[in-house]
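*Asks:*
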Amino acid sequence: MADRNIWPAAQPPPPGWLPAGADHPPVLPPGQPPRPVYREPHPIRTAPVLSGMGAALIWFAAFGFLAGDLLSYAWWTVLAAVTAWAVALVLTKLGDRGVATGVAIVAGLGLSIAMGFVTHRWVATLDWPLW
8 MADRNIWPAA
18 QPPPPGWLPA
28 GADHPPVLPP
38 GQPPRPVYRE
48 PHPIRTAPVL
58 SGMGAALIWF
68 AAFGFLAGDL
78 LSYAWWTVLA
88 AVTAWAVALV
98 LTKLGDRGVA
108 TGVAIVAGLG
118 LSIAMGFVTH
128 RWVATLDWPL
138 W
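Counting in the working numbering, the sequence shown runs from 8 upward without gaps.
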């Protein structure tokens, strides 16, 4: 059997290595928390995000029903996404950031789905369907 290496216990650092007073925690005034607590001034909650997602879903459905073929569906979706992102930017500055987050999530998802259909048609027919 091979010899086992037995490592010595960790040695304390040499004198002067640690700054003065590092061997004990600093004393805080009474009533102070042990560390700072950072809180978001305007937290984003679940209900506003879901309401923003629902509003954007209705928005994209309304624009999608205007389309008659893939070309018009793609361009209507691009228009709906650009306007939804503009609304999300305004809501971020002036309104509820939770609603803006929901709108932006659905806008990105809706545009991704439309571009997925465009890409599928492009790959299947070797013809770019947007021009």
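From the three backbone atoms N, C-alpha and C, an ideal C-beta is built for every residue, glycine too.
1. Please return the same chain residues whose Cβ sits closer than 8 angstroms to the Cβ of residue 79, not counting the five positions on each side in sequence.
2. Assuming residue 92 and residue 63 are in contact, meaning their beta carbons sit under 8 angstroms apart, how far apart are those beta carbons, in whole angstroms?
3. Taking the beta carbon of residue 57 as the centre, do at least 16 other beta carbons fall within 10 Å, making it buried, or is it exposed?
4. In chain order, what residues of the same chain lie with their CB nearer than 8 angstroms to the CB of residue 109, ignoring the 5 residues before and after it?
5. Are the region 98-107 and the region 118-130 touching, with three or more C-beta to C-beta distances below 8 angstroms?
6. When you compare only the Cα positions, how much space is there between residue 132 and residue 77?
7. State the start and end residues of the unbroken alpha helix (DSSP H) segment that holds residue 68.
8. Can you tell me which of the three DSSP states residue 133 falls into?
9. With residue 116 and residue 85 assumed to form a contact (beta carbons below 8 angstroms), what rounded beta-carbon distance in angstroms separates them?
10. If contacts are defined as beta-carbon pairs under 8 angstroms, then residue 114 and residue 88 qualify, I think. What distance do you get, rounded to the angstrom?
11. Report the rounded CA-to-CA distance for residue 95 versus residue 107, giving the unit in angstroms.
*Replies:* With the given structure in hand:
1. Working through the sequence shown from its first residue, we reach residue 79 at position 72. 73, listed in sequence order.
2. Sequence index remark: in the sequence shown, residue 92 carries index 85 (1-based). Sequence index remark: in the sequence shown, residue 63 carries index 56 (1-based). With 8 angstroms as the limit, residue 92 and residue 63 do not qualify as a contact, their Cβ atoms being about 10 angstroms apart.
3. Within the sequence shown, the letter at position 50 stands for residue 57. Counting Cβ neighbours within 10 Å, residue 57 comes out exposed, since fewer than 16 surround it.
4. In the sequence shown, counting from the first residue as 1, residue 109 sits at position 102. Taken in chain order, the residues that qualify are 55, 56, 57, 58, 59, 60, 61, 62, 63.
5. These segments do not touch.
6. Walking along the sequence shown from the start, residue 132 turns up at place 125. Walking along the sequence shown from the start, residue 77 turns up at place 70. So the alpha carbons of these two residues sit roughly 13 angstroms apart.
7. Taking the first residue of the sequence shown as position 1, residue 68 is located at position 61. Here the alpha helix (DSSP H) through residue 68 covers 53-71.
8. On the sequence shown, residue 133 is found 126 positions in, with the first residue counted as 1. Residue state for residue 133 is assigned as coil, using DSSP reduced to three classes.
9. Taking the first residue of the sequence shown as position 1, residue 116 is located at position 109. Taking the first residue of the sequence shown as position 1, residue 85 is located at position 78. Actually they are not in contact, since the Cβ atoms of residue 116 and residue 85 sit about 14 angstroms apart, beyond 8 angstroms.
10. Counted from its first residue, the sequence shown places residue 114 at position 107. Counted from its first residue, the sequence shown places residue 88 at position 81. Contact check for residue 114 and residue 88: beta-carbon distance about 5 angstroms, within the 8 angstroms limit, so the pair qualifies.
11. Taking the sequence shown and counting its residues from 1, one reaches residue 95 at position 88. Taking the sequence shown and counting its residues from 1, one reaches residue 107 at position 100. In this structure, the straight-line span from the alpha carbon of residue 95 to that of residue 107 is close to 4 angstroms.
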